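**Student:** Structure provided below as structure tokens; questions to follow.
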Amino acid sequence: MRNVIIIGSGPAGYTAAIYAARANLNPLLIASSVQAGGELMNTTEVENFPGFPEGIQGPELMAKMQEQAEKFGTEVLLDDVTELDLSGDIKRVVTGYSGEFEAESVIFATGSAYRKIGLADEERLSGRGISWCATCDGFFFKEKTIAVVGGGDSAMEEATFLTKFASKVYVIHRRDTLRASKIMQERAHANEKIEFIWNAEVTGISGENALSGVTLTDTVTGEERELALDGLFVAIGNDPRTHLVHGKLDLTEEGTIAVSGRSSKTNVAGVFAAGDVIDPTYRQAATAAASGVVAALDAEHYLAARESGVQDPAGIDLAPAN
Ligand SMILES: Cc1cc2nc3c(=O)[nH]c(=O)nc-3n(C[C@H](O)[C@H](O)[C@H](O)COP(=O)(O)OP(=O)(O)OC[C@H]3O[C@@H](n4cnc5c(N)ncnc54)[C@H](O)[C@@H]3O)c2cc1C
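So the sequence shown is residues 362 to 683, counted in the numbering used here.
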């Protein structure tokens with residue numbers, strides 16, 4: 362029986378593991394079989410994670426987080442959680458290859474996935490001109506020509522934000538009207554660096570080592586044309602990875618796991634959640650890491666209170682979130 366099982370190996374999972382391991386909880390972290398390291402494995406330079414003034418490559422940062430978690434006694438398992446039973450006092454975690462584990466508490470840190478356009482070259486040029494995060498990568502596109510794909514609020518927000526850096530920002534949208542709220546549309550329309558390309562779909566991506574342009578197909582006429590670009594920001598949505606807990610944990614309207622206030626407590630006692638899977642708004646490595654700290658401390662207090670049979674000394678209310 363484990364004290365705590367952490368599911369997910371992004372900044373939230375590894376940071377929770379560092380704290381839990383240093384609290385002598387001997388955590389087991391189930392990292393995923395093929396996607397260990399989380400979203401930062403898909404990028405190159407990370408310049409906004411504190412402590413690395415020269416910047417650091419995403420995969421290197423994640424390797425360091427893993428090393429730090431293991432140094433203090435975290436056991437990292439390269440496997441996928443396929444099933445969860447969270448209902449009882451003892452939680453049951455089933456994996457694809459390594460069998461079943463039991464734990465007194467679980468920290469759920471499975472992150473979220475940006476929706477992709479679905480083209481073969483998208484992954485290859487991720488971090489090499491293609492991005493899903495203006496806050497993360499806008500800075501790399503000073504005086505460049507870029508495009509944002511999407512027609513919702515986040516696409517308008519990204520496009521407007523990116524005009525701080527880029528000399529030109531196209532907004533590519535499949536239809537001739539936007540889904541975005543009126544205020545966000547007005548802001549984008551008023552910005553002279555933004556140009557809308559209506560009824561257009563990105564059907565091809567070009568570039569050897571870095572993005573050089575896209576092929577656009579007119580959704581009405583079917584005509585194709587090339588558009589030269591230095592950067593492409595995909596803003597067509599984001600899906601929290603919650604399928605394992607549907608019907609088991611409460612979710613928010615945005616589809617993230619519901620937690621109580623600033624804590625990591627879900628509606629099930631002993632189950633905590635951290636990182637992008639609870640965050641519809643910020644979704645950054647540093648915010649995910651901070652959220653992992655909260656989850657480890659909440660789990661630690663929960664376990665201490667269980668052991669002593671009294672209210673935990675930090676005064677955290679152990680009742681699950683409603
Ligand atoms: C291309 C790109 C570039 C980015 N650049 C930056 C940047 O420069 N700076 C910044 O601050 N942020 C950046 N971000 C955002 C940042 O990566 C995320 O905010 C952060 O990784 C979220 O951390 P997390 O731990 O919540 O989840 P994730 O990093 O998504 O990690 C979740 C992990 O859980 C695993 N998992 C999911 N389901 C299971 C399961 N069933 N069993 C086992 N494991 C499972 C996943 O495989 C994954 O490894 C970028 C994101 C992308 C996509």
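Idealized CB from N, CA, C, for every residue including glycine.
Please read all numbers here as calculations on a predicted model, not as lab measurements.
Determine the burial state of Y643: buried for a count of at least 16 other Cβ atoms within 10 Å of its Cβ, exposed for fewer.
**Tutor:** Its Cβ having fewer than 16 others within 10 Å, Y643 is exposed.
**Student:** Got a sec: does ligand 1 put a non-hydrogen atom nearer than 7 Å to the Cβ of T564?
**Tutor:** Flag unset: Cβ of T564 not near ligand 1.
**Student:** Quick check on the DSSP output: the alpha helix (DSSP H) that includes S652 runs from which residue to which?
**Tutor:** Here the alpha helix (DSSP H) through S652 covers A646 to S669.
**Student:** Give the range of the alpha helix (DSSP H) segment to which R383 is assigned.
**Tutor:** Here the alpha helix (DSSP H) through R383 covers P372 to R383.
**Student:** Considering only C-alpha positions, which residue in the set R548, D659 and S669 is nearest to A378?
**Tutor:** Minimum Cα distance to A378 is reached at D659.
**Student:** Compute the Euclidean distance between the alpha carbons of T405 and Y663, then round it to the nearest angstrom.
**Tutor:** Their backbone Cα atoms lie some 38 Å apart in a straight line.
**Student:** From the DSSP secondary-structure annotation, give me the bridge partner or partners of Y458.
**Tutor:** DSSP, once it has assigned bridges, lists no residue as partnering Y458.
**Student:** Tell me the DSSP secondary structure of N599 in three-state form.
**Tutor:** Correct three-state label for N599: strand.
**Student:** If you draw a straight line from the C-alpha of S535 to the C-alpha of A551, how long is it?
**Tutor:** The amino acid at residue 535 is misidentified as Ser; the sequence shows Arg. For R535 and A551, the distance between alpha carbons rounds to 21 Å.
**Student:** Which value, in whole angstroms, describes the spacing of the CA atoms of V467 and V365?
**Tutor:** The alpha-carbon atoms of V467 and V365 are separated by roughly 5 Å.
**Student:** Which parts of the segment 412-469 are runs of the beta strand (DSSP E), unbroken and 3 residues or longer, counting only runs that do not cross its ends?
**Tutor:** Entirely contained in the segment 412-469, the beta strand (DSSP E) runs reaching 3 residues are, in chain order, 436-438, 442-446, 452-456 and 461-469.
**Student:** Does ligand 1 have even one heavy atom less than 7 Å from the beta-carbon of S370?
**Tutor:** At least one heavy atom of ligand 1 is nearer than 7 Å to the Cβ of S370, so yes.
**Student:** Considering only heavy atoms of ligand 1, does any lie closer than 7 Å to the CB of A657?
**Tutor:** No, the Cβ of A657 stays beyond 7 Å of every heavy atom of ligand 1.
**Student:** Between the segment 525-534 and the segment 497-514, are three or more C-beta pairs nearer than 8 Å?
**Tutor:** Because the criterion of three Cβ pairs below 8 Å is met, the segment 525-534 and the segment 497-514 touch.
**Student:** Can you grab the Cα-Cα spacing for the pair E584 / A549, in whole Å?
**Tutor:** Those two C-alpha atoms are separated by around 26 Å.
**Student:** What would DSSP say about E519, mapped onto helix, strand or coil?
**Tutor:** Helix.
**Student:** Check the DSSP bridge columns for K626 and list the partner residues they point to.
**Tutor:** Partner(s): F633.
**Student:** How should V655 be labelled, buried or exposed, when 16 other C-beta atoms within 10 angstroms of its C-beta is the threshold for buried?
**Tutor:** With 16 or more Cβ atoms within 10 Å of its Cβ, V655 is classed as buried.
**Student:** Need the endpoints of the alpha helix (DSSP H) that A589 sits in, please.
**Tutor:** From DSSP, A589 is part of no alpha helix (DSSP H) but of the beta strand (DSSP E) over E585 to A589.
**Student:** Can you give the Cα-Cα distance for G616 and G412, rounded to whole angstroms?
**Tutor:** Near 32 Å, if we compare the C-alpha coordinates of G412 and G616.
**Student:** Measuring alpha carbon to alpha carbon, tell me which of A666, A647 and E668 ends up nearest G374.
**Tutor:** The shortest Cα separation from G374 among A666, A647 and E668 belongs to A647.
**Student:** Using alpha carbons as the reference points, say which of L422, G574, D640 and L605 lies closest to G310.
**Tutor:** Only positions 362 to 683 of the chain appear in the structure, and residue 310 is not among them; the question remains open.
**Student:** Return the CA-CA distance between E461 and G598, expressed in angstroms with no decimal places.
**Tutor:** For E461 and G598, the distance between alpha carbons rounds to 34 Å.
**Student:** Within the same chain, show all residues whose beta-carbon is closer than 8 Å to that of A589, passing over the 5 residues directly before and after it, in chain order.
**Tutor:** Once the five neighbours on either side are set aside, the close Cβ partners of A589 are T506, S573 and G574.
**Student:** Checking contacts by CB at 8 Å: is T576 closer than that to chain D?
**Tutor:** Any reference to chain D falls outside this structure, which holds one protein chain only.
**Student:** Say yes only if the C-beta of S515 is nearer than 7 Å to one or more non-hydrogen atoms of ligand 1, and no if none qualify.
**Tutor:** No, the Cβ of S515 stays beyond 7 Å of every heavy atom of ligand 1.
**Student:** Taking the C-alpha atoms as reference points, what is the distance between K609 and A571?
**Tutor:** Taking the straight line from one Cα to the other gives about 43 Å.
**Student:** Our contact map puts G416 next to G399 with C-beta atoms below 8 Å; I'd like the distance itself, whole angstroms only.
**Tutor:** Not a contact, Cβ separation roughly 18 Å.
**Student:** Are E463 and K452 close, meaning C-beta to C-beta below 8 Å?
**Tutor:** In contact: E463 and K452 (Cβ atoms closer than 8 Å).
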